[in-house]
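Numbering-wise, the sequence shown is residues 367 to 637 according to my numbering.
Note that the Cβ used here is the ideal one computed from N, Cα and C, for glycine as well.
These numbers were taken from a predicted model, which means no experiment stands behind them.
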Amino acid sequence: MSLYEFAQGLILEAGNKVRIMMKEDLSIETKSNPNDLVTNVDKATENYIYDAILRSYPDHRVIGEEGHGHHMEDINGVVWVVDPIDGTLNFVHQQEGFAISIGIYRDGKPYAGLVYDVMKDVLYHAKVGEGAFENNHELKTIDNTQLNQSLIGINPNWVTKPKMGPIFSEIVNQARSCRAFGSAALEIISVARGQLAAYITPRLQPWDFAGGLIILNEVGGIGSNLMGEPLTIESANSILVGNKATHNEILENYLNPHNEVLTELHQRFRK
Ligand code: 2AM
Ligand code: CA
367 MSLYEFAQGL ILEAGNKVRI MMKEDLSIET KSNPNDLVTN VDKATENYIY
417 DAILRSYPDH RVIGEEGHGH HMEDINGVVW VVDPIDGTLN FVHQQEGFAI
467 SIGIYRDGKP YAGLVYDVMK DVLYHAKVGE GAFENNHELK TIDNTQLNQS
517 LIGINPNWVT KPKMGPIFSE IVNQARSCRA FGSAALEIIS VARGQLAAYI
567 TPRLQPWDFA GGLIILNEVG GIGSNLMGEP LTIESANSIL VGNKATHNEI
617 LENYLNPHNE VLTELHQRFR K
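Written as structure tokens, this is what we have:
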């Protein structure tokens, strides 16, 4: 079995376990703030994925949201970047609209991305250079679009903030309309499917975007931080992903003019 096949089997089995665990009462705790939740299912799922990887590949390393590998000195060798449940608020409040997200890197280079929409039972996956798939169906290269004829993804919470709000609201005004799904991985997938032209957010951790970004790149979409710089899995990032045309339009017309403010926010949010 190839590493890619192993990863597909693993994410499907982890999702299966999530669906079973959801039938029991959740134990919910808060993390950094009252809206930052973690459940027993997040933790159990990350542990399950971690143990399974290390059992089959003892020399691989795992960066996971719920505690694994947060202080890696380097990203040499094979590194799995794992979010056991992306969209925890959806998981807790809606029992759907969340995903398991996995990005696999070899010596810092993307190897494969997997995002599993657990309740829809749809697996998005891509091995770099071999196309991206929704279950067994190949996704096509995404079209370039213009912002005023497109939907974009943005969480309205950010538009209310004093410094970034005014910058983001210009983008919101220009777009045909906006959507907020509450799972970064699924929003990036929505860009990869050509449903959203872009997704923008001031702060994501590597596990929120790694899997989705690898899939998006495979269908011709691009990602950067809000200053247009490349994304890294070594720290938190601000994020703009999109089809090439909309990404460039947002960056050049709406973000670059505010580079100073955005750089300051980016530095603050990276921690
Ligand atoms: P999570 O559910 O795995 O925590 C929308 O809220 C998306 O952004 C979700 O994918 C969520 O991931 C992530 N997210 C929410 N708050 C965040 C924060 N302060 N830093 C980084 N990612 C965050
Ligand atoms: Ca999570």
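Query raised in the report: Is any heavy atom of ligand 1 found at a distance shorter than 6 Å from the C-beta of Gly453?
Result: Under cutoff, so the answer is yes.
Query raised in the report: Can you tell me the Cα-Cα spacing of His459 and Pro450, whole angstroms?
Result: Their backbone Cα atoms lie some 17 Å apart in a straight line.
Query raised in the report: Hey, out of Glu584, Val585, Leu592, Pro572, whose CA is closest to Tyr565's CA?
Result: Out of Glu584, Val585, Leu592, Pro572, Leu592 has the C-alpha closest to the C-alpha of Tyr565.
Query raised in the report: Under 6 Å from any heavy atom of ligand 2, does the C-beta of Asp509 make it?
Result: Asp509: no, Cβ never under 6 Å from ligand 2.
Query raised in the report: Considering only the beta carbon of each residue, do Asn406 and Ser393 sit closer than 7 Å?
Result: In this structure, Asn406 sits near Ser393, with a CB-CB distance shorter than 7 Å.
Query - Three-state class that DSSP yields for Arg427 in the structure shown - result: DSSP places Arg427 in strand when its eight states are reduced to three.
Query raised in the report: Do we get a CB-CB distance below 7 Å when we pair Ala373 with the residues of chain C?
Result: Annotation note: the requested chain C is absent from the structure, which comprises a single protein chain.
Query raised in the report: For the stretch 518–537 against the stretch 434–454, are there 3 or more C-beta pairs whose distance is under 8 Å?
Result: At 8 Å Cβ cutoff, the stretches do not touch.
Report task. Flag Asp449 as yes when its Cβ comes closer than 6 Å to any non-hydrogen atom of ligand 2, and as no otherwise. Result -> At least one heavy atom of ligand 2 is nearer than 6 Å to the Cβ of Asp449, so yes.
**Report entry** Contact check, Leu480 vs Ala602, beta carbons under 7 Å
**Finding:** Contact annotation: Leu480 and Ala602 have beta-carbon atoms that are not nearer than 7 Å.
Query raised in the report: ligand 4 heavy atoms versus the CB of Glu618: any closer than 6 Å?
Result: No copy of ligand 4 occurs in the structure displayed; its ligands are ligand 1 and ligand 2 alone.
Report task. Could you tell me which of Asp574, Glu432, Leu378, Gly587 sits nearest to Leu562, measuring between CA atoms? Result -> Residue nearest to Leu562 within the set Asp574, Glu432, Leu378, Gly587 is Gly587 (criterion: CA-CA distance).
Requested in this report: Tell me whether the beta-carbon of Ile554 lies closer than 7 Å to the beta-carbon of Leu513.
Outcome: Inclusion of Ile554 and Leu513 in the CB contact set at 7 Å is not warranted, their separation being larger than that value.
Query raised in the report: CB of Gly548 to nearest heavy atom of ligand 1: below 6 Å?
Result: Look at Gly548: its beta carbon is less than 6 Å from one of the heavy atoms in ligand 1.
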